[in-house]
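Structure first, then comments.
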Amino acid sequence: MDEAFAVDEREDHDVVHVAVRGELDVATAPTLREHLYAAADRSSGPVVVDLLAVTFIDSTALGVLIGTKERCDELGIELRLVVDKTRIIKIFEITGLTELFSISPTFDKAAAR
Amino acid sequence: MTGLHRGSSDVRTLSEPVQLSIPVQSDLILLARLTAATVASRAGFDVEQIDDLRLAVDELCVLVACGSSSGRFNLTFATNGDAVEVICALDVSEEDGASTDDHGERELSVRILDALVDEHGEEYDDKRQRGWLRKRKVRHEAL
C-alpha cells in the first residue's frame, strides 16, 4: 500500500522546507496548492519542495508546481525541487519541465544551490 | 473481473472487457488507476509499463472530466493481442466549469499521453465526453 498523502513543513534559517509524500493527483492537488502557496507567501528565502517520498504525480500536481513557481517568481524567491526517483524524473522530462524547475537529488544539495 | 484465462505465453489475458463505473469524484480516480494496473499486470506488462498505463489512465480521466464534477466515468479495459485498450466515457448533464487552476494542464496531459501510450484520442460534444488509449506491451529481447 502506498504511503498516504501528507505535507510537512519546517523552516531552516531562511529556507522553507516542504516535504510531500504519497500520491499527487487531482484529489490531493488542492491541499498541495494550499500548502505550497502559503509557504511561498511567508518565505523570505528559497522554498524547497521535497518530493523524495512521492510515489505518483500527474498533470494536475504538475500544474500546482507550475503555479507555485509563478507565485515564487512574482515574490522574487526561488522554488527548488528535490526528486530522486527515476519514475518521477521521467514525468518531468516528458513534459519538458526539467527546463523550468531547479531539480536536485537531495535536500542538502537543493538548499545549498 | 470475469472471464480470465491463461494464454499461450503464460499471461492471463482478459476474455471479456472489464468495466468500471465510478462517480466523477477526484478521490475515486484512484480506482481507475488500480484497475489499469491490474489489467496491465495480467496482460504481462512489466513494472515500468504498468506504471505508464496507471498514469495514462489517470490523465485520460482528467482530460475527459474536463473540470466536470457530476456524472459518472464509464471505463472499459480490454486486451487486444499484445495491447491494452481503455475507453473512458462521461455523460455530461451540466457544465460546471473547470475546477483546477489551468497552468496548461490539458497540454501536460496530452504530452504525457503522447509519451506513454501508442495511440490516444478524445472527442467531445454537448452530451458526452469520451477518450480512449491503446498501449502495446514492449517485448524485451533476451541478452
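Going down the list, the protein sequences come from chains A and G. Quick note on the numbering used here: the first sequence kicks off at 168 and runs consecutively. Quick note on the numbering used here: the second sequence kicks off at 16 and runs consecutively. No residue lacks a Cβ here, since even glycine has one placed at the ideal position from N, Cα and C.
What residues from the stretch 179-193 of chain A come within 9 Å of chain G, judged by C-beta to C-beta, listed N to C?
Residues of the stretch 179-193 of chain A with a C-beta less than 9 Å from any C-beta of chain G: 190, 192 and 193, listed in chain order.
For residue 262 of chain A, collect the residues of the same chain with a Cβ closer than 7 Å to its Cβ; drop the 5 residues on either side in sequence, then sort them by chain order.
As a working mapping, residue 262 of chain A is identified with position 95 in the first sequence. Cβ neighbours of residue 262 of chain A beyond the five flanking positions: 229.
Using a Cβ distance threshold of 8 Å, determine whether the stretch 85-104 of chain G contacts the stretch 37-44 of chain G, with at least three qualifying pairs required.
The stretch 85-104 of chain G vs the stretch 37-44 of chain G: in contact.
Considering residue 124 of chain G, what are the terminal residues of the alpha helix (DSSP H) in which it resides?
In the second sequence, the residue the question calls residue 124 of chain G occupies position 109. Looking at the DSSP string, the run of the alpha helix (DSSP H) that includes residue 124 of chain G is 120-131.
Identify, in the order they occur along the chain, each residue of the same chain with its Cβ nearer than 6 Å to the Cβ of residue 177 of chain A, setting aside the five sequence neighbours on each side.
Here residue 177 of chain A is taken as the residue at index 10 of the first sequence, counted from 1. The residues are 184.
Can you list, in chain order, the residues of its chain whose CB lies under 6 Å from that of residue 188 of chain A, leaving out five sequence neighbours each side?
For the purposes of this step, residue 188 of chain A is taken as the residue at position 21 of the first sequence. The residues 170, 173 and 220, in chain order, have a CB closer than 6 Å to that of residue 188 of chain A in the same chain once the five nearest residues on each side in sequence are set aside.
Measure from the C-beta of residue 127 of chain G to each C-beta in chain A and report whether the shortest distance is under 8 Å.
Here residue 127 of chain G refers to the residue found at position 112 of the second sequence. Judged by the 8 Å Cβ criterion, residue 127 of chain G is in contact with chain A.
With 8 Å as the threshold, decide whether the Cβ of residue 77 of chain G is near any Cβ in chain A.
Here residue 77 of chain G is taken as the residue at index 62 of the second sequence, counted from 1. Yes - at least one Cβ of chain A is within 8 Å of the one on residue 77 of chain G.
When the cut-off is 8 Å and only beta carbons count, does residue 143 of chain G lie next to chain A?
Counted from its first residue, the second sequence places residue 143 of chain G at position 128. For residue 143 of chain G, no Cβ of chain A is located within less than 8 Å of the residue's own Cβ.
Given 8 Å, three or more beta-carbon pairs between the stretch 263-270 of chain A and the stretch 221-240 of chain A
In short, these stretches touch, since the Cβ pair count reaches three.
From what residue to what residue does the alpha helix (DSSP H) around residue 218 of chain A run?
As a first step, residue 218 of chain A must be located in the first sequence, where it is residue number 51. Not the alpha helix (DSSP H): residue 218 of chain A falls in the beta strand (DSSP E), residues 214-224.
Which bits of chain A does residue 74 of chain G rub up against, with CB to CB less than 8 Å?
Position 59 of the second sequence, counted from the first residue, corresponds to residue 74 of chain G. Close partners of residue 74 of chain G in chain A (Cβ separation under 8 Å): 225 and 226.
How about residue 262 of chain A: is its C-beta nearer than 8 Å to some C-beta of chain G?
The residue you call residue 262 of chain A lines up with position 95 of the first sequence. Answer yes: the Cβ-Cβ gap between residue 262 of chain A and chain G drops below 8 Å somewhere.
Whose C-alpha, out of G:55, G:54, G:147 and G:78, is nearest the C-alpha of residue 120 of chain G?
The residue labelled residue 120 of chain G in the question sits at position 105 within the second sequence. With distances taken between Cα atoms, residue 120 of chain G lies closest to G:78.
Rounded C-beta distance between residue 134 of chain G and residue 148 of chain G? I'm assuming under 8 Å.
Residue mapping note: residue 134 of chain G aligns to position 119 of the second sequence, counting from 1. Residue mapping note: residue 148 of chain G aligns to position 133 of the second sequence, counting from 1. Between residue 148 of chain G and residue 134 of chain G the Cβ distance is about 7 Å, and since that is below 8 Å, they are a contact.
Spatially closest choice to residue 138 of chain G from G:66, G:80 and G:132, by CA coordinates:
In the second sequence, residue 138 of chain G corresponds to position 123, counting from 1. Answer by Cα proximity: G:80.
Less than 8 Å between the CB atoms is what I'm expecting for residue 74 of chain G and residue 37 of chain G, so what's the real figure, rounded?
Within the second sequence, residue 74 of chain G is the residue found at index 59, counting from 1. Within the second sequence, residue 37 of chain G is the residue found at index 22, counting from 1. Beta-carbon to beta-carbon, residue 74 of chain G and residue 37 of chain G are separated by about 16 Å, too far to satisfy the 8 Å threshold.
Answer with yes or no whether the minimum CB distance from residue 130 of chain G to chain A is below 8 Å.
Taking the first residue of the second sequence as 1, we reach residue 130 of chain G at position 115. Chain A contact via Cβ: present.
According to DSSP, is residue 93 of chain G part of a helix, a strand, or is it coil?
By one-based count along the second sequence, residue 93 of chain G stands at place 78. Residue state, collapsed to three classes: strand.
So with CB distances below 8 Å, who are the chain A contacts of residue 70 of chain G?
For this step, residue 70 of chain G is matched to residue 55 along the second sequence. Within 8 Å Cβ-Cβ: 223, 225 and 258.
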